[in-house]
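The next block holds one structure in the form of C-alpha cells; read it before the comments.
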Amino acid sequence: MGITEFVSLELKHPHTLSSPPPHFISLLQRLSAEQSAHSGYPLLFFTDAEHPLSLHLISGWTDVPTHEAWIATAQNQQLLINFADFIEIKGLMHLDINFDTLPVKDRGILCEKYRQSEVAEDNRTAKTEELAEAGWTIWARNLEPSAEDVMVRFKAFAETKTLRVLESGGGKEVHVLMRFM
C-alpha cells in the first residue's frame, strides 16, 4: 500500500497566488514533472479558501523512505533553493492513505487536523452546503514519529458546491482546499 504526502506552504510577503512571483508557475510545473517522474504519482496543488497565501501539495509515494530519498536528491534540493525566496514550508505529513484512493481530481477537499485525543470528542461546529452529497470521507494517521498523535480527516466535495467553515474550535486546524493548476 502506498502513502500520501501532504505539504503546507505559505507564500512570503509581498507575493500572493493572485499575483505570483516571476517564474513561480513554471517552477511549480517543473516540480510537478520532476517529482512525478521520481515517485510515479501525480503531484497536485491546492489553494486554501480561508488562507489566501497558503498552497498545499498532495501526492503519492510507495513509502516514506522513498519520499525521503527524493527529498535528499540534488534535483529536489535545487528546486528548494529556487523556491526559497517565494515560499516557506509550514508542514509536511506522510499519511497512511493510499494516494490512488483519494478522489481529488476536479474536486475540493475539506481537511481537518486533530490530535487523536480530540477525534472522539469532535466539538467542531461547521456549516456546509450540500457536502453530504460528496459521499466520501476518510481518516488518516500521520506516519511521522514526532507527530504520530495527529489524525487528518479528508472530506471531498465537488468544486461547484459552496463550502463555508463558520467556526473551528478545540484546537483543530481546518483547511478548505480547492484545486490549483
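358 is the number that my numbering gives to position 147 of the sequence shown; each next residue is one higher, with no gaps. Quick reminder that beta carbons are idealized off the backbone N, C-alpha and C, glycines included.
Are there 16 or more other CB atoms within 10 angstroms of the CB of L268, so buried, or fewer, so exposed?
Answer is buried; the Cβ neighbour count reaches 16.
Roughly how many angstroms lie between the CA atoms of M212 and W272, to the nearest whole one?
Approximately 9 Å between the Cα atoms of the pair.
Could you check whether the stretch 215–230 touches the stretch 296–306, counting it as contact only if at least three pairs of C-beta atoms, one from each stretch, sit closer than 8 Å?
Short answer: they touch.
Taking only three categories from DSSP, how would you classify S230?
It is coil, neither helix nor strand.
Which partner residues of A351 appear in the DSSP bridge assignment?
V363.
Going by other Cβ atoms of all chains shown within 10 Å of its Cβ, with 16 needed for buried, is T284 buried or exposed?
Classification for T284: exposed.
With distances taken Cα to Cα, identify the nearest neighbour of S250 among S237, L220, M304 and I214.
Answer by Cα proximity: I214.
Would you mind reading off the limits of the alpha helix (DSSP H) that contains H249?
Per DSSP, H249 belongs to the alpha helix (DSSP H) from F235 to S250.
Quick check on F297: does DSSP put it in helix, strand or coil?
It is coil, neither helix nor strand.
Can you check whether the CB of F365 is closer than 7 Å to the CB of T258?
For T258 and F365, no; Cβs fall outside 7 Å.
Report buried or exposed for K301, applying the criterion of at least 16 other Cβ atoms within 10 angstroms of its Cβ.
Exposed, since its Cβ has fewer than 16 Cβ neighbours within 10 Å.
Is it buried or exposed for H234, if we count other Cβ within 10 angstroms and need 16 for buried?
The residue in question, H234, is exposed, as its Cβ has fewer than 16 Cβ neighbours within 10 Å.
State the Cα-Cα distance for the pair T373 and A260, rounded to the nearest angstrom.
For T373, the pLDDT reaches just 46, beneath the cut-off of 50, and the residue's location in the model is therefore unreliable, although a value from the coordinates is still provided. When rounded, the distance between both Cα atoms is 11 Å.
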